[in-house]
């Protein structure tokens, strides 16, 4: 027979017993009669039982766990905390698991304090973690249920809550795993997530402003710290990815919590110990792989513009500078290292693709939100400097055109950018309008492409080509139409009267009368081949 001292532990099913104080529990034996017995504590009873599994649980503080509390598995008691010791390194608990339940403990088993209930308010809502209400008062330790792997160990960490157990966090004070540096503060803050291939592996502990940059302290959960190497590169995750194509607009948004809190990602495709936080994934993966693009017009160029090959983003414009001596624009582009060997070859062509809007519709719809640079690869030797061609707006096609001035009483439906036509072919554009000093005439400034400027002679005549012409006479009604663009934007046509001797080419800025109606003799004019 054995005697065990029972402590007052509160269980709702034993409320009456709680108020009667400590008592002896008699465990009957089957030996000979005896009048003297040893008294042991209740928790020592389990230690003395055969085949009991004894474990050590360590924690930086007790988390409300104390000697005599139970160990639970799926809300069923399987053991007890038999002792606790405290030293400068923290708290150590000795846990005894009953023999019939020792098969539930494995190498990957996790132990969580059952007394704690944790409430956190975040962008995900209100999160509440705890054991059952009964165990808030009972206290003890919970064993997390999972697929058991390996044999039981002698010692395990005691986690404060389930979240810490999931992430392998054993301490109360988190220290940075790594510190990143960025020149400008992106859309992140304390508590923003750290992702590895879109999987949460850590969080941002703090952001500290320095003289020339910002230090971003990152904590990687212990369970995933093996993913961090000297080849890791970090970048800021964008809130949404927008793709505009002729099929429509596709918006791929990140989860709301991630969009509001911000997030950074990392992968292991770099080289060296790089601790820079880049603005996006393309920048992070393209550092060190640079090509130079040369152009004479930066109208549609912008930092961050994508370079595409076969519809795939393979790089971005990193910087744009004016070369004052050469009077040209130099753009540096970062190329994804996976495509550098394909793209950086002699014979490659780079062209800016921008939306071309006209009355007939919109061309290059996929560049509506932002123009991009299309790449046609070459087959030559390695090369890192290329010319950048442009699908420029109409006004830039004629920026070096020969100027002329047309005088008229009324600009009617003309506008800047209206086409100048010769036999239906666009050879120039309207640059601007102004009134003369008396205000009784409109001066229409036009520009003719240099290769067509010889078509303008001293006796050339200009008239408004509105896109339609209607006349009613003895021969009946005659209705002529031009292009839809002419109907909407207007236009100007010109031709030269047929004479025995062709007059000389008009000088730049020569003035002509802009007629409202087309001359009746135009159909009989045949200028033939005009020499330059």
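Numbering (UniProt numbering), first residue to last: 1 to 532.
Note that CB positions come from ideal geometry on N, CA and C, so glycine has one too.
All values derive from a computational prediction rather than experimental measurement.
I believe residue i touches residue j by the beta-carbon criterion, under 8 Å. Please report the beta-carbon distance rounded to the nearest angstrom.
i, j, result
"residue 430", "residue 414", "6 Å"
"residue 221", "residue 202", "5 Å"
"residue 52", "residue 98", "7 Å"
"residue 291", "residue 333", "5 Å"
"residue 514", "residue 433", "The pair is not a contact, with the Cβ atoms about 11 Å apart (cut-off 8 Å)."
"residue 273", "residue 215", "About 16 Å separates the two Cβ atoms, so there is no contact after all."
"residue 63", "residue 113", "4 Å"
"residue 225", "residue 299", "About 48 Å; that fails the 8 Å criterion."
"residue 490", "residue 418", "5 Å"
"residue 164", "residue 60", "No, residue 164 and residue 60 are not in contact; Cβ-Cβ is about 11 Å, not under 8 Å."
"residue 200", "residue 235", "That pair is no contact at about 16 Å."
"residue 106", "residue 150", "5 Å"
How far does the alpha helix (DSSP H) with residue i in it reach, from first residue to last?
i, result
"residue 340", "340-343"
"residue 418", "Segment: none, residue 418 is in no alpha helix (DSSP H) and carries neither H nor E."
"residue 163", "162-167"
Can you give me the start and stop residues for the beta strand (DSSP E) that residue i sits inside?
i, result
"residue 283", "Looking at the DSSP string, residue 283 is not in any beta strand (DSSP E); the run it does join, the alpha helix (DSSP H), is 281-286."
"residue 493", "492-495"
"residue 113", "111-113"
"residue 319", "312-323"
"residue 149", "Neither: residue 149 is in no beta strand (DSSP E) and is coded neither H nor E."
"residue 217", "214-220"
"residue 411", "Per DSSP, residue 411 belongs to no beta strand (DSSP E) and is neither H nor E."
"residue 513", "511-515"
"residue 332", "328-335"
"residue 65", "Taken as a continuous stretch (DSSP letters only), residue 65 belongs to no beta strand (DSSP E), as it is neither H nor E."
"residue 398", "Residue 398 -> no beta strand (DSSP E), and no H or E assigned at all."
Mind checking who residue i pairs with in its DSSP beta bridge?
i, result
"residue 76", "73"
"residue 445", "405, 432"
"residue 83", "94"
"residue 196", "199, 266"
"residue 373", "307, 352"
"residue 209", "214"
"residue 462", "494, 514"
"residue 105", "Residue 105 pairs with nothing; no bridge assigned."
"residue 30", "Per DSSP, none; premise fails for residue 30."
"residue 143", "73, 111"
"residue 204", "218"
"residue 426", "421"
"residue 236", "264"
"residue 225", "According to DSSP, which records beta bridges pairwise, residue 225 is partnered with nothing at all."
With a CB to CB cut of under 6 Å and the five nearest residues on each side skipped, what residues in its chain are close to residue i?
i, result
"residue 340", "289"
"residue 380", "345, 346, 347"
"residue 424", "none"
"residue 125", "Below a pLDDT of 50, predicted positions are generally treated as unreliable, and residue 125, at 49, falls in that range; the measurement from the model is reported next regardless. Within the same chain, residue 125 has no close Cβ partners at all."
"residue 101", "78"
"residue 67", "81, 83, 84"
"residue 217", "176, 179, 205, 206"
"residue 295", "329, 388"
"residue 208", "215"
Quick one: what's got a C-beta closer than 8 Å to residue i's C-beta in the same chain, skipping five residues either side?
i, result
"residue 46", "52, 79, 80, 82, 96, 98"
"residue 56", "92, 93, 94, 95, 154, 155, 156"
"residue 405", "443, 444, 445, 446, 509, 510, 511, 512"
"residue 109", "143, 144, 146, 148, 152, 156"
"residue 310", "none"
"residue 427", "420, 421, 448, 449, 452, 455"
"residue 384", "290, 291, 292, 344"
"residue 459", "496, 497, 499, 503"
Report the three-state DSSP secondary structure of residue i (helix, strand or coil).
i, result
"residue 265", "strand"
"residue 524", "helix"
"residue 181", "strand"
"residue 385", "strand"
"residue 293", "strand"
"residue 453", "helix"
"residue 157", "strand"
"residue 306", "strand"
"residue 187", "coil"
"residue 59", "strand"
"residue 99", "helix"
"residue 499", "coil"
"residue 551", "With the chain running from 1 to 532 in the structure shown, residue 551 is simply not present."
"residue 549", "Nothing in the structure corresponds to residue 549, since the chain is present only between 1 and 532."
"residue 507", "coil"
"residue 53", "strand"
Under a CB-based cut-off of 9 Å, is residue i close to chain B?
i, result
"residue 427", "Although the question refers to chain B, the structure presented lacks it and comprises just one protein chain."
Excluding the 5 residues preceding and the 5 following residue i in the sequence, name in chain order all residues of the same chain whose CB lies nearer than 7 Å to its CB.
i, result
"residue 223", "167, 168"
"residue 293", "331, 333, 350, 386, 388"
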